[in-house]
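Report on the following structure.
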Amino acid sequence: MATTEVSERPETFEEVVRDRRSVHDYSDDPVDDATLDDLFDLVRYSPSGFNLQPWEFLVLRDDENRQALQECAGGQEHVTDAPAAIVVLGNTDPAAHADRVFDDWLDKGYIPDEETRDGLVEHVEGFRDRSAEENRVWTTRSTALAAMTLMHAARSLGLSTCPMEGFDADAVRNTFDVDDGYEPVMLLTLGYPAEGAADRENDRKFRRPVDEFVHHESFDA
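Now the structure itself:
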């Protein structure tokens, strides 16, 4: 059995960011329900447009389900080597949670009255008239923020992840009965890293320097 590095938890957010790796090699230790609860309790604080929280996460720990997901992902081995895999989905209906979100805004005094609340709901419901592509882009933006929170939260708990965009979205929908109203945004593997898999500071992959990608006042590609 491979050795887990669960004790190697970063202590600061800077360490979380700098220590996070896309890990393919995992220990045999399972990710239990309590750890998943802790993980997703952090994910729920992710930002989103109008706080509409369009994300859904399908967690797969059953061997048969991870094998089925691996087939949707071109046979990538770490889908089944990891003890858990996650399908990150975005709801393409912007107004799916609008009533609850804006009721909360009203209850907490973020908006002054019910007329404002109703106007916000109507405004968001109007997004349903946009093209399917516009709403697909919309949900992908917010859901990707939640996925990044998940990766950082996982690292803070001693876990490792690997985001994956190499998969057949239609196959994922068909295999796991995902409604057409949900966009498969990415896949993530999740687990405790095998010994040494998350500790490769000397082998850190190339990162572009700050002065190359930050532009002040005007954009110069």
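According to the working numbering, the sequence shown is numbered sequentially starting from 944. The C-beta atom is built at its ideal place from N, Cα and C for all residues, glycine as well.
- R1079 and V1121 have their C-alpha atoms some 15 Å from each other.
- Looking only at P953, S1103, D984 and R1071, the smallest Cα-Cα distance to V966 is reached by S1103.
- Between the stretch 978-987 and the stretch 1070-1077 there are fewer than three C-beta pairs closer than 8 Å, too few to call the two in contact.
- Between Y969 and T1035 the beta-carbon gap is near 32 Å, outside 8 Å, which marks them as no contact.
- The C-beta distance from A1041 to R1004 rounds to 32 Å, too long to fall under 8 Å, and the pair is not in contact.
- Residue R1043 holds the alpha-carbon nearest to the alpha-carbon of F993 among R1116, L1093, R1043 and E1160.
- Separation of the CB atoms of T1118 and A1025 is rounded to 18 Å, and the pair is thereby denied contact status at 8 Å.
- 7 Å or more divides the Cβ of S989 from the Cβ of A1140.
- Nearest Cα to I1029 within the set G1017, G1052, G1134 and F1000: F1000.
- Under the DSSP assignment, A1089 falls in the alpha helix (DSSP H) whose first and last residues are A1075 to S1099.
- In the three-state DSSP reduction, L1063 falls in the helix class (H, G or I).
- Under the three-state reduction of DSSP, V959 is assigned to helix.
- For S1161 and S1085, the gap between their C-alpha atoms comes out near 26 Å.
- Spatial neighbours of C1105 in its own chain (CB-CB distance under 8 Å, excluding positions within 5 residues in sequence) are listed in chain order as S965, V966, H967, H1021, A1025, L1131 and T1132.
- Assignment of G992 by DSSP, reduced to helix, strand and coil, places it in the helix class.
- Put simply, the backbone Cα of T955 is about 19 Å away from that of R1147.
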